[in-house]
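Q: Numbering-wise (this note's numbering), the sequence shown opens with residue 4 and increments by one.
Glycine included, every Cβ here is placed at the ideal spot set by N, Cα and C.
All values derive from a computational prediction rather than experimental measurement.
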Amino acid sequence: MIGAAHVVDIALAEAARLGGADETVVLVTDRVDAALRWANNTMTTNGESTSRTTTVISIVRRGDDAHVGSVRSSAVDPAVLADLVGASSACGGRGSRARDSAP
Numbered sequence: 004m005i006g007a008a009h010v011v012d013i014a015l016a017e018a019a020r021l022g023g024a025d026e027t028v029v030l031v032t033d034r035v036d037a038a039l040r041w042a043n044n045t046m047t048t049n050g051e052s053t054s055r056t057t058t059v060i061s062i063v064r065r066g067d068d069a070h071v072g073s074v075r076s077s078a079v080d081p082a083v084l085a086d087l088v089g090a091s092s093a094c095g096g097r098g099s100r101a102r103d104s105a106p
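The structure is reproduced here in structure tokens:
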């Protein structure tokens with residue numbers, strides 16, 4: 004699995020290349036879980052799991068209005084990032100005006 008900072012760099016570069024959103028936010032959440040159990044009056048691990056979610060938020064501005072689209076994926080393949088950014092940008096472009104937007 005590539006580093007979180009590298010995921011952000013790839014996604015932001017793809018957003019700049021596509022140019023569909025005025026602003027792009029990329030959130031990468033890594034999570035590690037350990038399954039603990041008791042065996043012979045001592046605690047031991049029964050295994051560990053690692054997971055990642057990547058969220059891309061695209062903000063498309065039209066005048067003073069902001070339209071926001073967000074997409075989340077648990078895929079860790081870097082090739083998926085381009086589709087994730089494109090889907091987020093498309094959602095932002097089709098979305099209704101954000102009620103809480105500020106110029």
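Would you kindly check if the distance between the Cβ of VAL63 and the Cβ of ALA24 is under 8 Å?
A: yes
Q: Have a look at TRP41 and THR53 and give me their C-alpha separation to the nearest angstrom.
A: 22 Å
Q: Quick one, which of PRO81, THR45 and SER61 has its alpha-carbon nearest GLY22's?
A: SER61
Q: Is the separation between the beta-carbon of VAL59 and that of VAL29 shorter than 8 Å?
A: yes
Q: Pop quiz: VAL35 and THR57 are said to be a contact at Cβ under 8 Å. What is the actual Cβ separation, rounded to whole angstroms?
A: Actually they are not in contact, since the Cβ atoms of VAL35 and THR57 sit about 16 Å apart, beyond 8 Å.
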